[in-house]
Each structure stands twice: as C-alpha cells, then as structure tokens.
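Below: one structure, written as structure tokens.
Residue numbers (this note's numbering): 87 to 447.
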C-alpha cells in the first residue's frame, strides 16, 4: 500500500468533515435568521447536513464508475449510525426519546430499508429506482416540517437552545460564503477520499464494497458521531436520537437515490449485500423499534448491546475479506441465533413495558 494513497484518503476525510461543518453552520444560521424554527432546522438542515459527506462520496463514486462503493457507503453508514453512534451516545447517558417524529420515523426507516432490499433483488438500482427514492425524500421532508408543529414544548426548547439564531443582525453574505466554502470542500474531499479508498482496496486485495462498508462509512459518519455524542453530553437527548434517524432516512432516500440517478449504469447490488449486509441493516433498524417503546429510553445496557453488534458485524467483514474458513459458521450464528434472540428479548421487554404503562394508567 503506497503512503500516497493513505495520505490522500486521510486528507480527503479531513477536508470532507471540514466542509460538512461549514455547510451545517452556514445553512443552520441562515435558516434561523430568516425565521425558520430551530426545531425544523435541527430536523432537516442539521440532520441532512451531517449526511453531506455520504452524499458527496456516493455521488462522486457513482460518477467515477465505482457505484458499488456508493451502496456500501450508505449501508455501512446506516449500520454505523445505529449500532455505534446510538450505542456510544446511550453509554454517555441514557437517551430519553420524547419526539413524536422519532416514533414515526423509525417505522418509516424500517420500511425504507425493506424497500431497498426489494429494489435490489434484480441486482441493481436503476434511474427509475433513484427517482422513486428522491421523490419519497422530498415528500418526507415536507411531512417532517408539518409534523414538527405537533412537538412538545420541551422538545422545541431543546432544539431552540442548540440551534437558536445568533444575537444581532444576521450576516447573510457570510453565511452564504460558509455554505459555498462547505460545498467546495465537500466536492474536493470526496474526490480525494474515493481515490484513496480505491487505492487502499486494490493494495489490500479486498473488494471496494468491504472498504466502503467499513473505512469509508465510518469516516463519512464522523459528523453524525460528533453531533450525537455532544448532544448526549449536553443533555439534548432528542437531538442525539433524531440526528441518527434523520440521517439514515436521508442516506437511503437522497444519497442512494441521487447516486442511482447519476450512475451511468445504475448501482450494482451484489448477492453478498442482499444476503447479509442489507438484512443486518434491516435487523438493526427493527431492533430500534422496541427499544424506543420500552419506557421511551435507550438504556446504557442497550447501548452496549448495539456496540457489541457493531463489533460482531465488523468481525464478519474481516473474516469475509480474509476468506477465513470460519465465516459460514459465524454468519449462520449471527443471522439465525444472535439477531433473532435479541429481537425476541427486546420484543418481550416492549410488551412488559406496555403492560406496566396500562396498569399504571
């Protein structure tokens, strides 16, 4: 592996994250300055802005003829967001889920993850699939803004504290400059990161999908990690959870949708992704549903469980990349024992919590 490819990847990652930070800062301040509520800004501009690296990298990979990397980036980022970011945030402090939107969005995210599996059964995501996903994304954004009016005052105050407009007259030209600089850095960083990732994959002799599912996905998800962990530390638990769920929905609809539209020959969906990676993403998303209804709290032990599953998934990818003979046994144990057992446990806890709430009421 050449040192140049490693440097190119790392520099591209740093530039990418810096671009996302500038874009989110400029867009959020501009939005609040023109009268958009902080709650709407947090649910749309910030949640989508933290996914800007995934969008830039996936579209760049599609343009470069490396469409498989676009799929791996989205699936890997969604797994990273749920298992590692939510897990780490819950370990910092138990996450109290109060948003109505989150309780609506998790079932939607499950449905969209299943839709990805259905669309990919023919082996690729074409332009028609991409247009469908983008159209759903536009409708979802409009729905989110309308539903935000029904949020509790406590949730609105939490977002107002985090995303309130700065005191004084808004410096619109400065915010526009920040947005332009952020977009420019995103484009430049994504090009360098994709080029470096391709070189690393070739040097290691592993597939580009594996690199996208791990290194690229983790790198492009760093803005979500920083946002959610910092929100958890500050006690802004709804922001920590809403950022993850909103970003995952954006990844599936806008990132994958736009990548499918611009890819010359569509995005190939390998058999390995259909059999393991996408089902694991669906399973991880389904696991959120009972957690979000067990007293509306993601406890520390549940966060540790998520982190453990991310470690197990990464171990699977390592075994697959090295063609280890233990891979079939490991994958069967995960798919047919560990994941179903966890799902049953969480479902039982959810039922017990619901019964306690009814008894108390």
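Heads up, the beta-carbon is just placed ideally off N, CA and C, and yes, glycines get one too.
| task | Report yes or no: do the region 335 to 347 and the region 197 to 210 share at least 3 C-beta pairs separated by less than 8 angstroms? | result | yes
| said: So, with DSSP's three-state summary, where would you put residue 353? | reply: strand
| Are the region 143 to 156 and the region 342 to 355 touching by the rule of at least three beta carbon pairs closer than 8 angstroms? | With the cut-off at 8 angstroms, the region 143 to 156 and the region 342 to 355 touch.
| request: Check whether the region 383 to 396 touches the region 230 to 246, counting contact only when three or more Cβ pairs, one atom from each stretch, lie closer than 8 angstroms. | output: no
| field | residue 227 versus residue 415: straight-line alpha-carbon distance, rounded | value | 42 angstroms
| task | Any chance you could list the alpha helix (DSSP H) runs of at least 4 consecutive residues sitting entirely within the region 182 to 213, in chain order? | result | 186 to 205
| field | residue 367 versus 179, 161, 205, 233, residue with shortest Cα-Cα distance | value | 161
| task | For the alpha helix (DSSP H) holding residue 297, just list the boundary residues, first then last. | result | 294 to 297
| Who are the near neighbours of residue 354 in its chain, counting only those whose CB is closer than 7 angstroms to its CB and skipping five residues on each side? | 153, 154, 209, 210
| said: Which residues does DSSP list as the beta-bridge partners of residue 384? | reply: 181
| message | Once DSSP output is grouped into helix, strand and coil, what is the label at residue 358? | response | helix
| Element boundaries [alpha helix (DSSP H), containing residue 241] | 239 to 249
| said: Tell me whether the region 130 to 142 and the region 101 to 111 touch, counting them as touching only if at least three CB pairs, one residue from each stretch, are closer than 8 angstroms. | reply: yes
| task | Under 6 angstroms Cβ to Cβ from residue 222, same chain only, skipping five residues before and after it: list those, please. | result | Setting aside the 5 residues that flank it on each side, residue 222 is surrounded in the same chain by 339, each with a C-beta closer than 6 angstroms to its C-beta; the list follows chain order.
| field | Reduced DSSP category for residue 150 - H, G, I as helix; E, B as strand; rest coil | value | Coil.
| message | Tell me the rounded alpha-carbon separation between residue 220 and residue 299. | response | 22 angstroms
| task | Inspect the beta-carbon positions of residue 175 and residue 326 and report whether they are closer than 8 angstroms. | result | yes
| query | DSSP three-state call for residue 74: helix, strand or coil? | reply | No answer is possible for residue 74: it lies beyond the span of the chain, which begins at 87 and ends at 447.
| What residue does the alpha helix (DSSP H) around residue 136 start on, and which one ends it? | Residue 136 -> no alpha helix (DSSP H), and no H or E assigned at all.
| Other residues of its chain near residue 287: CB distance less than 8 angstroms, five sequence neighbours each side excluded | 293, 294, 296, 297
| said: If I follow the unbroken alpha helix (DSSP H) through residue 95, where does it start and stop? | reply: 89 to 119
| query | Which whole-angstrom value is the C-beta distance of residue 181 and residue 323, which I expect to be below 8 angstroms? | reply | Indeed they touch by this definition, with Cβ atoms about 5 angstroms apart.
| task | Measure how close the beta-carbons of residue 342 and residue 207 come, nearest whole angstrom, since I'm counting them as under 8 angstroms. | result | So it is not a contact: roughly 15 angstroms between Cβ atoms.
| CA-CA distance, residue 310 and residue 92? | 23 angstroms
| Between residue 97 and the rest of its own chain, which residues show a CB-CB distance below 7 angstroms, the 5 nearest in sequence each way excluded? | Listed in chain order, the non-local C-beta contacts of residue 97 below 7 angstroms within the same chain comprise 278, local neighbours out to five positions each way being set aside.
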